[in-house]
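Protein chains: 2
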Amino acid sequence: MTPFLQLILVLAIILFSAKLAGFLSTKLRQPAVLGELLVGLLLGPTLIDLTHMAVVTDTHLGEVVSELGELGVLVLMFLAGLELEMRDLTRSGKVSAFSGILGVLVPVGMGLLVGEIAGMDFSHAMFLGLTLGATSVSISAQTLMEMKMLRSRVGLGLLGAAVFDDILVILLLSGYLAIETGGSGLQLIIVLGKMIIFLLLSVAFGLWILPAITRVISRLPISQGVLTLAIIILLVYGLAAELVGGMAAITGTFLAGMMFGRTPEKGKIEEGLRALAYAFFVPIFFVNIGLSVDLHAINLTVLWLFLGISAVAILGKIIGAGVGARIGGFTWRESLQMGIGMVSRGEVGLIVAKVGLDQGLLNNNIFSAIVGMVLVTTLVTPPMLRASFSKSQPHPTKPVIMETKEPESMSDQEAV
Amino acid sequence: MTPFLQLILVLAIILFSAKLAGFLSTKLRQPAVLGELLVGLLLGPTLIDLTHMAVVTDTHLGEVVSELGELGVLVLMFLAGLELEMRDLTRSGKVSAFSGILGVLVPVGMGLLVGEIAGMDFSHAMFLGLTLGATSVSISAQTLMEMKMLRSRVGLGLLGAAVFDDILVILLLSGYLAIETGGSGLQLIIVLGKMIIFLLLSVAFGLWILPAITRVISRLPISQGVLTLAIIILLVYGLAAELVGGMAAITGTFLAGMMFGRTPEKGKIEEGLRALAYAFFVPIFFVNIGLSVDLHAINLTVLWLFLGISAVAILGKIIGAGVGARIGGFTWRESLQMGIGMVSRGEVGLIVAKVGLDQGLLNNNIFSAIVGMVLVTTLVTPPMLRASFSKSQPHPTKPVIMETKEPESMSDQEAV
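Protein chains in written order, with our numbering: chain A, 1 to 416; chain B, 1001 to 1416.
What follows is the structure, encoded as structure tokens:
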């Protein structure tokens, strides 16, 4: 088989398994995303090893699937942004700020403490702490979308907190590396300055230039012109977030979505992009998270480390982000939901860990344990989040914005 | 930049350039696809060398872009199939058969003759002829879609002829290789048998099983369930065409589209898939054709070979397919349109040429000339086809099927 035929085969298997698992998951009253993550584990090296099957001879196949999945998470966060309006976020600004900041500081501090207790020196223990800081809310956002809770107080607070979380983790990491490599305070200021420049530029472009461009394109005889424009802007914002702002690409695409959410073409973009996302890219993303894990790599040392780190990661986030939300003005129940929503880690945590492995700041066992922690936090978040909502009163958190009508294809959000 | 950021950058550039060039092309009253092909040439190694820019260090980037483009052509042929109904094709069966068969035999014979005149032995000359046989109608199908002529007599005849073309080229090539490698007539029968098995199985599945599956899926709470099903079946049909039938993957996805065209979910699938196709995959496909060409590789010998081979390729197809269509019952004008529509070559021609290069049946110069011929036939087909339609009376070929209503989003087909 040619590499392309191998890709087709693997994509067909991934899409089929993802939808089947998602469906079974909803039948068991769990979020569809949980099933997709688990089926990824089964298809991964632990059991079937999809991208290294006997018929697969293309060594880059795994990379291609992974890149398609990464495109998926960019689109996913764009859609999350599209559903929001900026005043939603600013309204929940206070709770987001407290929750996002404490949600980083508490797990980082706990990780540092655990590292020190385990006999690591300050430098290594601090880095371990840092790997526990970065939340990835794409899983929670997806779960809340399925429950139609993304526009609730908790959903909006969560999305806002993720932005603070992202900024703070990158500041801490940059500061740490600047100090470790003998850098100056100047470097830290540069990092902060880059973020501010990116945020200012992207918001200014989105507010004052994007609406005009969108209006012009929508009138030209270009097939799927507005949708293509949205995809191009999404890619450019993701790129600029990384290159200009030094931030995560998903933060950029989330912002891009929010900007398009203010245009009259919002509905059309949402419809087309949801087709693109949920019928192709997003299932690949969720399955690929599982694909990248090999449970065989776990030995007893790793297992203990993994259990300890996971406990710290989960408790640290729930306590930190939860207490932050409470200080910010949420009820205890909402604060718990918020804390749980912040538990899942994602690619940022993995990237930080990879940097640490490459620079000798983490050994192989701790690295494996962190990879396991990222997976576990991702797996436990959807059911915990669902449980935290269902245990409460029938209407635990009323949607804040009632006047905005639901998109017609809302039923598509029922399941992944 | 990480490989993924490089991919994002290149995709953003490709999508932007493709839509801009397509738009300018329509302003000049040319098909949008022509602009997309030409902009691919500019972005390719000839001028800008997009996938090898200074910032691009990922050696697999070109492959990934190419694979995304190949997914695009699969989707494109699925959409072409979706627009048809089987009775359309059987109605144009006679003209398609004659045009498809003569459209292969004449250019193959002319190529053989030219090779013999140029002093090649029979075996090599015959192979040269074979590389000129395979039509790729995706470009013509796209051009006709833009002109809303895909469902005309010529459009339907063309799509049918492409199936005969595909079958005959593969039979001839298999027969040739069987004889060259000292195989028996048995191998030829096996090749033929495999095709028949694939066609029977895929049509039977499409007629009797697919409608039921589609009905069930459309009722389940799976997000974009029917659309994902269509994508999965599209991939599987493409795969099966190659692996079971030994045919081109695009023939398989074309069949898959025809099968879904019979389901009540046709409209929904078409809408979602068109978003997926025209806002992402298809522009990448057309640009990538240009990306794969390096005009610097042309020297004087190659230039002469290229001119000769291109002339034979263009004239051979127009004469062969045109005369075939006339015998089949078309008017002379329709026959000319049909002949022109069959001119463009594509990936099948390139694949055959690559096999010849690897097995020493073609030398490097002839191979380069054939690559150039594939590009030229692809570039000249859209404007020639458009001209052949506009020169005739206001309604040169009335749509055969009038009762079928146009899809609502037909305007999306205006431009690529």
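We put the CB at the ideal spot given by N, CA and C, even for glycine.
None of these values were measured; they are calculated from a predicted model.
Asked: In chain order, each beta strand (DSSP E) run of at least 3 residues that lies wholly inside the region 148–226 of chain A; Found: none
Asked: Distance between Ser25 (chain A) and Ala387 (chain A) (C-alpha atoms, nearest Å); Found: 14 Å
Asked: Under 7 Å from the C-beta of Ala1427 (chain B): neighbouring residues of chain A; Found: Because chain B is modelled from 1001 through 1416, residue 1427 (chain B) falls outside the range shown and cannot be assessed.
Asked: Proximity of Ala277 (chain A) and Gly22 (chain A) at Cβ, strictly below 8 Å; Found: no
Asked: Interface positions of the region 50–62 of chain A facing chain B (Cβ-Cβ less than 7 Å), listed along the chain; Found: His60
Asked: Contact check, Asp166 (chain A) vs Thr228 (chain A), beta carbons under 8 Å; Found: no
Asked: Val55 (chain A), buried or exposed, once every other Cβ within 10 Å from all chains shown has been counted against 16; Found: exposed
Asked: Nearest-angstrom Cα separation, counted from Ile232 (chain A) out to Phe1016 (chain B); Found: 7 Å
Asked: Nearest to Gln1187 (chain B) (by Cα), restricted to the options B:Leu1171, B:Leu1201 and B:Ser1202; Found: B:Leu1171
Asked: Listed by chain order, chain B residues near Ile418 (chain A) by CB distance under 7 Å; Found: Lying outside 1 to 416, the shown extent of chain A, residue 418 (chain A) is not represented and no answer is given.
Asked: Contact with chain A by Phe1004 (chain B), beta-carbon distance below 8 Å; Found: yes
Asked: Contacting positions in the region 1212–1223 of chain B - beta carbon closer than 7 Å to chain A; Found: Leu1220, Pro1221, Ile1222 and Ser1223
Asked: Extent of the continuous alpha helix (DSSP H) run through Met1373 (chain B); Found: Asn1364 to Ser1390
Asked: Contact set between Glu70 (chain A) and chain B, taken where Cβ atoms lie within less than 8 Å; Found: Phe1004
Asked: Start and end residues, alpha helix (DSSP H) containing Arg333 (chain A); Found: Trp332 to Gly341
Asked: Under 7 Å from the C-beta of Glu1242 (chain B): neighbouring residues of chain A; Found: Leu5
Asked: Check whether Ser1064 (chain B) and Val323 (chain A) have beta carbons under 8 Å apart; Found: The displayed chain sequence assigns Val, not Ser, to residue 1064 (chain B). In this structure, Val323 (chain A) does not lie closer than 8 Å to Val1064 (chain B) by Cβ.
Asked: Top-ranked residue by Cα proximity to Ala321 (chain A), from A:Thr90, A:Gly341, A:Ile309 and A:Ala204; Found: A:Gly341
Asked: As assigned by DSSP and simplified to three states, the class of Asn288 (chain A); Found: helix
Asked: Nearest to Phe205 (chain A) (by Cα), restricted to the options A:Ile189, A:Ala240 and A:Pro221; Found: A:Ala240
Asked: Sub-8 Å separation of Glu146 (chain A) and Ala32 (chain A) beta-carbons; Found: yes
Asked: Backbone CA spacing between Met1149 (chain B) and Gly1155 (chain B) [nearest angstrom]; Found: 6 Å
Asked: Val56 (chain A), DSSP secondary structure in three states; Found: coil
Asked: Integer Cβ distance of Pro1283 (chain B) from Lys1019 (chain B), believed to fall under 8 Å; Found: 7 Å
Asked: Val1380 (chain B) vs Ile1318 (chain B) beta-carbon contact at 8 Å; Found: no
Asked: CA nearest to the CA of Met120 (chain A), picked from A:Asn363, A:Ala248, A:Met384 and A:Val376; Found: A:Asn363
Asked: Coil, strand or helix - Pro1283 (chain B) by DSSP; Found: helix
Asked: Per-residue DSSP class, three states only, for Met1120 (chain B); Found: coil
Asked: Any chain A beta carbon closer than 8 Å to Gly1022 (chain B); Found: yes
Asked: 8 Å Cβ cutoff, Thr26 (chain A) in contact with chain B; Found: yes
Asked: Spatial distance of Arg219 (chain A) from Ala275 (chain A) (CA atoms); Found: 22 Å
Asked: Environment of Ile1008 (chain B) [buried if 16+ CB atoms lie within 10 Å]; Found: buried
Asked: With 16 other Cβ atoms within 10 Å as the buried cut-off, status of Ala212 (chain A); Found: exposed
Asked: Distance CB(Lys1194 (chain B))-CB(Gly1246 (chain B)) smaller than 8 Å; Found: yes
Asked: From B:Pro1221, B:Val1095 and B:Thr1143, residue whose alpha carbon lies closest to that of Val1163 (chain B); Found: B:Val1095
Asked: Assumed close pair Ile1197 (chain B), Val1236 (chain B) - CB separation to whole angstroms, cut-off 8 Å; Found: Contact doesn't hold; Cβ gap of about 15 Å is too wide.
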